[in-house]
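*Asks:*
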Amino acid sequence: MSKGRVIKVFVEKADDGTYWGTTQNIPGVVTAYGNSLEELKENLKVAFDDYIEVAEEEKEKWAKDVKKMTDWDYQMDLQAFFYLIPEVKISAIGKKARINESLMRQYVSGKAAASEERVKLIERAIHELGRELQSVSF
Numbered sequence: 056m057s058k059g060r061v062i063k064v065f066v067e068k069a070d071d072g073t074y075w076g077t078t079q080n081i082p083g084v085v086t087a088y089g090n091s092l093e094e095l096k097e098n099l100k101v102a103f104d105d106y107i108e109v110a111e112e113e114k115e116k117w118a119k120d121v122k123k124m125t126d127w128d129y130q131m132d133l134q135a136f137f138y139l140i141p142e143v144k145i146s147a148i149g150k151k152a153r154i155n156e157s158l159m160r161q162y163v164s165g166k167a168a169a170s171e172e173r174v175k176l177i178e179r180a181i182h183e184l185g186r187e188l189q190s191v192s193f
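Structure (structure tokens):
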């Protein structure tokens with residue numbers, strides 16, 4: 056039924072500042088919200104447990120397979136990423152990915168669409184920054 060053991064969740068931030076997450080690769084939909092990304096993750100796990108409990112009570116055939124899915128992959132689009140994490144500067148990521156700063160701003164604002172290749176370049180630049188930050192100690 057479900058590929059792998061990873062539950063894919065698309066994350067959005069609403070205008071009121073709340074974070075919303077919706078599952079993408081399991082039967083039906085599990086959704087939750089929180090006032091922070093961490094609270095969203097906690098609430099989504101509670102909602103997922105309830106979802107599995109109801110599925111088992113209803114003797115859904117897929118429940119056993121989905122219950123084995125233990126890892127979570129939280130995904131968002133470029134606009135959402137830079138909105139959710141304003142500490143990460145668009146221009147700095149553009150420079151690291153070797154993408155013109157103006158074009159990066161157009162991608163993030165939605166005025167231009169980034170190709171899949173460009174999105175992967177941006178993702179690699181963000182991951183590289185993460186590794187650099189993790190190597191710092193004080």
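So that you can map any letter, position 29 of the sequence shown is 84 in our numbering, and since no number is skipped, the others follow by simple counting. Glycine included, C-beta positions come from ideal geometry on N, C-alpha and C.
Please list, in chain order, all residues of the same chain as E111 whose beta carbon is under 7 angstroms from its beta carbon, the five residues on each side excluded.
*Replies:* As a first step, residue 111 is located in the sequence shown; it is residue number 56 there, counting from the start. Only A118 meet the Cβ criterion.
*Asks:* Going by alpha carbons, who is nearest to V66 out of E115, R186, Y138?
*Replies:* Start at 1 with the first residue of the sequence shown, and residue 66 comes out as number 11. With distances taken between Cα atoms, V66 lies closest to Y138.
*Asks:* Among residues of its own chain, excluding the 5 on either side of A135, which ones have a beta-carbon nearer than 7 angstroms to its beta-carbon?
*Replies:* Within the sequence shown, numbered from 1, the residue matching residue 135 stands at position 80. Excluding sequence neighbours, A135 sits near V66, E67, K68.
*Asks:* Within its chain, find whatever has a CB closer than 6 angstroms to the CB of D126; leave out the 5 residues flanking it on each side and keep chain order.
*Replies:* Here residue 126 refers to the residue found at position 71 of the sequence shown. Hits under 6 angstroms: R60, V61.
*Asks:* Pick helix, strand or coil for G165, following the three-state DSSP scheme.
*Replies:* As a working note, residue 165 is residue 110 in the sequence shown. The answer is coil: DSSP assigns G165 none of H, G, I, E or B.
*Asks:* Excluding the 5 residues preceding and the 5 following G89 in the sequence, name in chain order all residues of the same chain whose CB lies nearer than 6 angstroms to its CB.
*Replies:* For this step, residue 89 is matched to residue 34 along the sequence shown. Excluding positions up to five away in sequence, the list reads Y74, L95, N98.
*Asks:* Classify V191 as buried or exposed, calling it buried when 16 or more other Cβ atoms lie within 10 Å of its own Cβ.
*Replies:* Translated into positions along the sequence shown, residue 191 becomes position 136. By the 10 Å Cβ count, V191 comes out exposed.
*Asks:* Where do the ends of the beta strand (DSSP E) carrying I62 lie?
*Replies:* Counting from one through the sequence shown, the residue named residue 62 turns up at place 7. 61-68 is the span of the beta strand (DSSP E), which, as asked, contains I62.
*Asks:* Is the beta carbon of V101 sitting closer than 8 angstroms to the one on Q79?
*Replies:* On the sequence shown, position 46 is the one that residue 101 refers to. On the sequence shown, position 24 is the one that residue 79 refers to. Against a cut-off of 8 angstroms, the Cβ pair of Q79 and V101 comes out as no contact.
*Asks:* Contact defined as beta carbons within less than 8 angstroms: I believe L176 pairs with A167. What is the distance between those atoms, to the nearest angstrom?
*Replies:* Start at 1 with the first residue of the sequence shown, and residue 176 comes out as number 121. Start at 1 with the first residue of the sequence shown, and residue 167 comes out as number 112. Actually they are not in contact, since the Cβ atoms of L176 and A167 sit about 14 angstroms apart, beyond 8 angstroms.
*Asks:* Over what stretch of residues does the beta strand (DSSP E) that includes G89 continue unbroken?
*Replies:* Counted from its first residue, the sequence shown places residue 89 at position 34. Taken as a continuous stretch (DSSP letters only), the beta strand (DSSP E) holding G89 covers 86-89.
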